[in-house]
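Just so you know, this note's numbering puts 160 at position 160 of the sequence shown, and the rest follows in order with no gaps.
For glycine and all other residues, C-beta sits at the position ideal for the given N, C-alpha and C.
Inspection log for the structure reproduced underneath, given as C-alpha cells.
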Amino acid sequence: MSNETRDGTNGTQGPSEPAEHLAVFDTTLRDGEQAPGISLDAAEKLEIAEQLARAGVDYIEAGFPVASQGDFEAVQAIARKVGNQDGAPAICGLSRTQLADVDRCFEAVRDAARARIHVFISTSPQHMEHMLKMNEAQVLAETRAGVSRAREHLEDVEFSPQDATRTPLDFMVEVLAAAVEAGATTLNIPDTVGYGIPWDFGALIQYVRREVAGDYVISTHCHNDLGLATANTLAGVQAGARQVEVCVNGLGERAGNAALEEVVMALVIRPDQFPGVTTSVRTEELARASRLVSRLTGYPVQYNKAVVGRNAFAHESGIHQHGVLADRSTYEIIEAASVGQVGSQIVLGKHSGRHAFADSLAKMGLTIQGDALNQAFARFKELADRKVEITEADLEAIVAEEIGHGLSEGYQLDALEVSGGTVGVPRARVVVSRAGAKQEASAEGNGMIDAACNAIREATGTDAVLIGFNVSSVTGGIDALGDVVVQLESGGFKVSGRGVSTDVVEASARAYLAAVNRVVAVSARAEHRQVEVGP
Ligand code: KIV
Ligand code: ZN
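Shown next, in the form of C-alpha cells:
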C-alpha cells in the first residue's frame, strides 16, 4: 500500500521526523477484567500476561492489588514470572491515592524488572460529589499525597484524573500539575464514561500538553460507550499522546476500552496519519491474543470484529471474491497473516503421540504441565477419534478448557448420557467428580442441553440461574468443534464458562460445569475479600 498522503506528500518517517515510540499499555487484566461476568484466576491471568509479553506490549496493568488477596497474588505472580525476563513488559498495578493502597500496590509489583504504580482519583463534579464526597482542595491534597508516596517506592509513576473528559479544564490542569510536581512521570487522560468525540478529545490532549509544564508522557484511556474508543485514542495520538491504554478485543467496563488490535493496526496501515510513530507490538500475535482472551474470559469475539473477527478476511459477494482472487489489495487493506489470522493449519492427527502433542503446544507458545497436560492430551485423543483434522485453533480450545479446569480444582465431567428427540421428555444423566468424590444425578429438561444442565445443577448442588448461552464453531466443517459459552448468575455474581466438543450437548455440559466451577471459586474468594473497592 502506498504511503503517499492525500496532499501528495510521503507521510512516513523522514529525516526530519525522528522515530517516536508509542508505548502500548495493556489493561486487559485490570479494566478488561472489570467487564461483567469476567473472573480470571491467577494462572489464567498469567497465561494472558505471557501472551501479551509475546505480543510485545510495553506495559501490562496486571490488576488492582488492594481489591483482594487474589488480585494481589495475581499481580505479584505476573511481576515475578512475566515481568522478570529480559525485555519483558513493565508490570503495573492500579492504586487509589490512600497511602496503604499505594504501599500494597508496590508490594505486588516490586519484583518486576520494571515496575509502575498507577495512582488515580476522580476529578469530575459528578464523581467528587456523589462518590468521593470531597471538594477540590481535598482532591488536590490526595493527589499530592498518593503520587508522592508512589514516588518514594518507584521512579515510574502514572497518574489518572478519573472522568477527565467531564472535569472542568482549569481544575484538571491544576490536579495534573500537582501530580507532576509530586513526581508523576505519565499523565493519563481517562475518558472514563466514553463521552469523548475524536476532535474534542484530541484538542483536550493538546490542551494538557500546552498547559501542564514538566517532563511527562501523555497517555489516553478511552472507553467505548459511543463506539468511539479507538477513534478517540487515535485522535489522542495525533495530538501528541505517546502512550495508549488498550484491551485485547476491546474488553472493559460496560462497552469496553479501545481495542489493542485496532489501535495498533491503524498505526501500521496509516503511517501517513501518524508520521514516525511506531509501536513494538508483534502484530502476528494479535489473533492468538484475541482467541486466548476470548476463551479464558468467556467473551466471544463478534464475527465482524475489526482485525480479529472471523469475518475480517472473509469475502462473500462474487464481485469481492473475484477482486481478491485477482489481487488481494482490491478489498483487503490488512494481510491476514500479518495479524496471525492464517488459515488454520493441520498440526496433529489420530496417531500423534504425547511428545508431538506437547511439542506442538510449545511451538504455539502454550505452556501447560502436570495434570492439565495429561487431561488435555486425553481430550486431544478423544477428539482425534471424532475429527480427522485437528487444527491450531482446536488445540488452543481444548488446552484453554483444561487450564481452566486444573486451576479451579473444580468438578470434572466423568460421564454424560442424554436421550431426547421429537417424542418423549428429554432426559440426562451425569457423573461428575471433585477431589476424588463422585456425584451422579439425572434430570429432565425442555431439551437435551437443558436436561444436561439441570442434571449438573443437581449433582453439584449449585444454585445458579442461566443468563446467557452462546454456541459457535471453532473451525468450519461438519466435524468442527462446537464452542459453547454460558453465563450464570449466583449470589449476585455473574460468571461464565466455556466448553468445546464435536457434540454440542457435551460442549454445553462442559461449559455449564466450567461456570459452576467458577461460581464455587468466586464465592470462596468473596469470603476472603479484604475490602470492597473498584475504580
Ligand atoms: O476508566 C477509568 O477512568 C479508569 C481509571 C482507573 C484509569 O479505568
Ligand atoms: Zn477505564
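Going by DSSP, Thr186 is part of the beta strand (DSSP E) stretching over Thr186 to Asp191.
For Glu417 against Ala428, the beta-carbon gap comes to about 7 Å, under 8 Å, which counts as contact. Put simply, of Leu228, Glu211, Ala177 and Thr422 the residue whose alpha carbon is nearest the alpha carbon of Asp200 is Leu228. The beta carbons of Leu187 and Tyr207 sit no closer together than 8 Å. Contact check for Gly37 against Val495 passes: the beta carbons are separated by less than 8 Å.
Taking a C-beta distance under 8 Å as the contact criterion, Pro426 and Gly410 do not qualify as a contact pair. The beta carbon of Ser122 lies closer than 7 Å to those of Met128, Met131, Leu132, Gln162 and Asp163 in the same chain, with the five residues before and after it left out. Under a 10 Å Cβ-count criterion, Tyr59 is classified as buried, with 16 or more other Cβ atoms of the shown protein chains found around its own Cβ. In this structure, Gly202 sits away from Gln243, with a CB-CB distance that is not shorter than 8 Å.
It is roughly 27 Å from the alpha-carbon of Pro168 to the alpha-carbon of Cys247. Between Val102 and Val75, the C-beta spacing is not below 8 Å. Relative to the non-hydrogen atoms of ligand 1, the Cβ of Leu325 never comes closer than 7 Å to any of them. Sequence-distant partners of Tyr331 (beyond 5 residues in either direction) whose C-beta falls short of 7 Å from its own C-beta, in its chain, are His315, His320, Gly323 and Val324.
The alpha helix (DSSP H) runs lying completely inside the region 126-182 and spanning 4 residues or more are 136-153 and 169-182, given in chain order.
Residue state for Ile60 is assigned as strand, using DSSP reduced to three classes. At a threshold of 7 Å, Gly252 counts as near ligand 2, since its beta carbon sits closer than that to one of the ligand's heavy atoms. A residue is called buried once 16 or more other Cβ atoms fall within 10 Å of its Cβ, and Ile333, having fewer, is exposed. Excluding its 5 nearest sequence neighbours in each direction, Lys438 has C-beta neighbours in its own chain below 8 Å: Asp414, Val431 and Val432, listed in chain order. An exposed status is given to Thr422, since fewer than 16 other beta-carbon atoms sit within 10 Å of its beta-carbon. Boundaries of the alpha helix (DSSP H) harbouring Gly70: Gln69 to Lys81, taken from the DSSP string. DSSP places His320 within a helical segment (H, G or I) once states are collapsed to three. Between Asp479 and Arg386, the beta carbon gap of about 7 Å places them in contact (Cβ cut-off 8 Å).
Per the coordinates, the alpha-carbon of Ala514 lies some 14 Å from the alpha-carbon of Tyr299. The residue among Gly445, Gln412 and Glu396 with its C-alpha nearest the C-alpha of Ser419 is Gly445.
Bridge pairing for Val119: Ser95 and Phe159 [DSSP]. Looking at the DSSP output, Thr278 shares a beta bridge with His21. In this structure, Leu481 lies away from Asp371, with their beta-carbon atoms at least 8 Å apart.
Beta-bridge annotation (DSSP): Lys305 is not paired with any residue. Take Thr279, set aside five residues on each side of it, and the residues of its chain with a beta-carbon closer than 7 Å to its own are Leu22, Val24, Val264 and Leu267, in chain order.
In the structure shown, Gly468 adopts extended strand secondary structure according to DSSP, grouped into three states. Under the three-state reduction of DSSP, Ile48 is assigned to helix. Taking the Cα of Arg104 as reference, the smallest distance to any Cα among Ile117, Ala112 and Ala113 is reached at Ile117.
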